[in-house]
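The next block holds one structure in the form of structure tokens; read it before the comments.
Numbering (my numbering), first residue to last: 850 to 997.
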């Protein structure tokens, strides 16, 4: 039963993450216009963003790596490591809420963040879900080990 539960919880988190890719992550006000940034676009461009000088943007993107580590650790039953890597992912991804502007071109042009969109919040939700799932699974695992 425990195996099926951990698989279901991890799958739900992964599905929320995938769902987030179908929505806009944020909007920026650039040169007098509002531009949407899709989550998929941000996810795909993020790994190479540092090449264009996007330091803090790349740092935020690394939350995806920590999220994937957390997911992997759930499947391997390393719940404590999953909790820690999930918390790191959440702290990194949560910093984006405080950004006022973001790099929008390789020339160094910055644009004001106009709004955060559903894709961003679904991304955060997937991370929070894996953290709470890992905590729950750790508790269940400890209880079942205590009974044996």
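Heads up, the beta-carbon is just placed ideally off N, CA and C, and yes, glycines get one too.
Closest by CA to residue i, which one among the options?
i: residue 978; options: 863, 854, 852 and 853; result: 863
i: residue 874; options: 946, 857, 928 and 880; result: 946
i: residue 852; options: 914, 925 and 911; result: 925
i: residue 871; options: 987, 938, 971 and 937; result: 971
i: residue 859; options: 918, 988, 951 and 943; result: 918
Alpha carbon to alpha carbon, how far is residue j from residue i? Give it in angstroms, no decimals.
i: residue 866; j: residue 969; result: 10 Å
i: residue 964; j: residue 894; result: 20 Å
i: residue 930; j: residue 881; result: 45 Å
i: residue 1038; j: residue 985; result: No statement about residue 1038 is possible, as the shown extent of the chain runs from 850 to 997 and does not include it.
Can you say whether residue i is buried or exposed, counting buried as having 16 or more other CB atoms within 10 angstroms of its CB?
i: residue 856; result: exposed
i: residue 909; result: buried
i: residue 955; result: exposed
i: residue 995; result: exposed
Do residue i and residue j have their C-beta atoms within less than 8 Å of each other?
i: residue 879; j: residue 928; result: no
i: residue 975; j: residue 921; result: no
i: residue 983; j: residue 923; result: yes
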